[in-house]
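**Student:** Position one of the sequence shown corresponds to residue 0 (numbering that gives the first Met the number 0), numbered consecutively onward.
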Amino acid sequence: MPHSTDILFRPFSVKGLTLKNRIVMAPMTRNMAPDGVPGAANAAYYKRRAEGEVGLILSEGTVINRPASRNQPHIPFIHGKAALAGWKGVIDAVHEAGGRMGPQIWHTGSTKGGEWKPEADVESPSGLLAPGKPRGYAMSEEDIADAVAAYASAAADAKRIGFDVVEFHGAHGYLIDEFFWPGTNERTDRFGGATIKERAAFAREVVAAARAAVGPDFPLLLRVSQWKQQDYGARLATNPQELEDWLSPLVEAGVDILHCSQRRFWEPEFPEIDGEKGLNFAGWTKKVTGAPTISVGSVGLSGEFIAAFGGEASQSAGIEPLIERMEREEFDLIAVGRALISDADWARKIRTGQAATLKGFDRGQLAELV
């Protein structure tokens, strides 16, 4: 007997914002904003997901006003008159379709996005791409202060032009995450340290500055991960206490929802504690911080995304394991990535019992906005 999907379609509220369901469109880089400015094609792309009944749309990464803050040439900006006007067109289109949306705000740090090189030298906590791999330069305290201000300014601009939430990208080996990771943070000042709690100082300042900029009632999200582009096996927290030390202070600084990225949402975070069917990353994060969480990772598809981007096709897959975890309130929302690139109506089809018509995903679908 198939599980009812009703749990996915219960409203969710945070800071006065009510989402019509628990389905989130995960942020996915599309690299299709020439000169950093989103246009009509970008607006239509996101509007189609709103029409397809996604509860909350999180945009592709949008970069702050810092030199070398992006690692591909057509990543959109979240600063400057033209880019903000472009994003105003996007959010107006999403609202017209009854959707809710926030930008994911990021800085790619020293990570590479292919062969393209930014005009300026890249910056990071310690001038490292990965442990023992120099790239770019180590940020000064002035650089750090300017970056914090740029994140906060981007959040304030996002609120001003009509976005419903803001998410900061603190995952996958980008700038904020490079401060978290001891492999790329060898600083000896207040932004470094031997513990994850110490190395989270930069993120706490970003969140606190953004909270001051947007006020107390605007939802702030933070995406975090254990794994990095530079090391899929990296772990920042090896036990629940370290997880709490890392993330609870960020909630105290102003994060409303933690978006917990893992490659496969069904994998347990600490199986040595609660077994092979234990809480996942989002589940443990909710347990130790008390904050609402978003889970993500290969939802609705047969293969995980690293293999997919390498060329391996993924077929549509059942969501019974997701329903089971949602029903026991392990986490609060679920982010869907590649399945929403291939099928803008994914959420509606799940709600109306049309799962048999869901589409799979292959890398060729990344070549255009559909």
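The beta carbon of each residue, even a glycine, is placed where N, CA and C say it ideally should be.
Could you round the C-beta distance between V223 and Y150 to whole angstroms and report it? I think they count as a contact, below 8 Å.
**Tutor:** That pair is no contact at about 15 Å.
**Student:** Using the C-alpha atoms, what's the distance from P26 back to G108?
**Tutor:** Each residue's alpha carbon lies about 18 Å from the other.
**Student:** For A96 versus K19, is the C-beta spacing smaller than 8 Å?
**Tutor:** No.
**Student:** Could you tell me the distance, in whole angstroms, from the CA atom of S341 to the CA atom of A43?
**Tutor:** Answer to the nearest angstrom: the Cα atoms are 15 Å apart.
**Student:** Give, in chain order, every unbroken run of the beta strand (DSSP E) that is at least 3 residues long and sits entirely within the segment 7–59.
**Tutor:** If we require 3 residues or more, the beta strand (DSSP E) runs fully inside the segment 7–59 come out as 11–13, 16–18 and 22–24.
**Student:** For I63, which residues of its own chain have a beta-carbon under 8 Å away from its beta-carbon, when the five flanking residues on both sides are left out?
**Tutor:** So the list reads I77, H78, I104, W105, H106, A146, A149, Y150, S152 and A153, once near-sequence residues are dropped.
**Student:** Give me the Cα-Cα distance between A207 and P248, rounded to the nearest whole angstrom.
**Tutor:** Each residue's Cα considered, the two are about 11 Å apart.
**Student:** Rounded to the nearest angstrom, how far is the Cβ of T284 from that of L242, given a contact under 8 Å?
**Tutor:** Right, their Cβ atoms sit about 7 Å apart.
**Student:** Mind checking which residues open and close the alpha helix (DSSP H) that includes L357?
**Tutor:** Where L357 is concerned, there is no enclosing alpha helix (DSSP H), given that its DSSP letter is neither H nor E.
**Student:** Using CA atoms only, rank isn't needed, just tell me which of I195, G85 and I22 is closest to P37.
**Tutor:** Checked all of I195, G85 and I22; the closest Cα to P37 is G85.
**Student:** Just to confirm my understanding: we take V89, look at its own chain, exclude 5 residues before and 5 after, and list those with CB closer than 7 Å. What are they?
**Tutor:** For V89, where only same-chain residues beyond five positions count, the Cβ hits under 7 Å are P37, N41, A42 and Y45.
**Student:** Within the continuous alpha helix (DSSP H) that includes G282, where are the two ends?
**Tutor:** Element bounds for G282: F280 to T288.
**Student:** By a C-beta neighbour count over all protein chains shown, 10 Å radius and 16 as the cutoff for buried, is R198 buried or exposed?
**Tutor:** Result: buried.
**Student:** With distances taken from CA atoms, which of L174, M100, M325 and T28 is nearest F162?
**Tutor:** Of the listed residues, the one whose Cα sits closest to F162 is M100.
**Student:** Going by the CB atoms, is the gap between G35 and D437 shorter than 8 Å?
**Tutor:** Since the first and last residues shown for the chain are 0 and 369, residue 437 lies out of range.
**Student:** Taking DSSP as the reference, what is the three-state secondary structure of H2?
**Tutor:** H2: coil per DSSP, three-state reduction.
**Student:** Tell me the DSSP bridge mates of F167?
**Tutor:** Its beta-bridge partners are I104 and L221.
**Student:** If you follow the alpha helix (DSSP H) that H94 is part of, which residue opens it and which one closes it?
**Tutor:** Run containing H94: K80 to E95, per the alpha helix (DSSP H) assignment.
**Student:** Between which residues of its own chain and G191 is the CB-CB distance below 6 Å, once the five residues before and five after are set aside?
**Tutor:** N184.
**Student:** Quick check on W345: does DSSP put it in helix, strand or coil?
**Tutor:** W345: helix per DSSP, three-state reduction.
**Student:** I need the straight-line Cα distance from I160 to I256, nearest angstrom please.
**Tutor:** If I take the Cα positions, the gap works out to 21 Å.
**Student:** Hey, F269 and S294: beta-carbon distance below 8 Å or not?
**Tutor:** Not in contact: F269 and S294 (Cβ atoms no closer than 8 Å).
**Student:** For P33 and K276, what's the separation of their Cα atoms in angstroms?
**Tutor:** Those two C-alpha atoms are separated by around 44 Å.
**Student:** Have a look at G302 and I56 and give me their C-alpha separation to the nearest angstrom.
**Tutor:** Per-residue confidence for G302 stands at a pLDDT of 47, beneath the threshold of 50, marking its modelled position as unreliable; no derived number is given.
**Student:** Considering just the uninterrupted stretch of the alpha helix (DSSP H) at S68, what are its terminal residues?
**Tutor:** From DSSP, S68 is part of no alpha helix (DSSP H); its letter is neither H nor E.
**Student:** Enumerate, from N- to C-terminal direction, the unbroken beta strand (DSSP E) stretches of 3 or more residues contained entirely within the segment 116–194.
**Tutor:** Segments of the beta strand (DSSP E) lying fully in the segment 116–194: 127–129 and 165–171.
**Student:** What do you reckon, are the CB atoms on V13 and P291 nearer than 8 Å?
**Tutor:** Yes, the Cβ-Cβ distance between V13 and P291 is below 8 Å.
**Student:** Judging by CA-CA distance, which residue of T28, Q71, H258 and I74 is the nearest neighbour of L365?
**Tutor:** It is T28 whose Cα lies nearest to the Cα of L365.
**Student:** Is I305 helix, strand or coil when you go by DSSP?
**Tutor:** The predicted model places I305 with a pLDDT of 45, which falls under 50 and marks its position as unreliable; any figure quoted below should be read in that light. Helix at I305.
**Student:** Measuring only the C-alpha atoms, how far is A202 from A67?
**Tutor:** A202 and A67: Cα-Cα distance of roughly 19 Å.
**Student:** Nearest CA to the CA of C259: which residue from R350, D344 and K227?
**Tutor:** Selected option, being the one with the closest Cα: K227.
**Student:** Kindly indicate which residue of L368, E326 and G214 has the alpha-carbon position closest to the one of A252.
**Tutor:** For A252, the nearest C-alpha among the options comes from G214.
**Student:** If T61 sits next to P72, beta carbons under 8 Å apart, how far is it from one beta carbon to the other, in whole angstroms?
**Tutor:** That belief does not hold up - the Cβ atoms of T61 and P72 are roughly 14 Å apart, past 8 Å.
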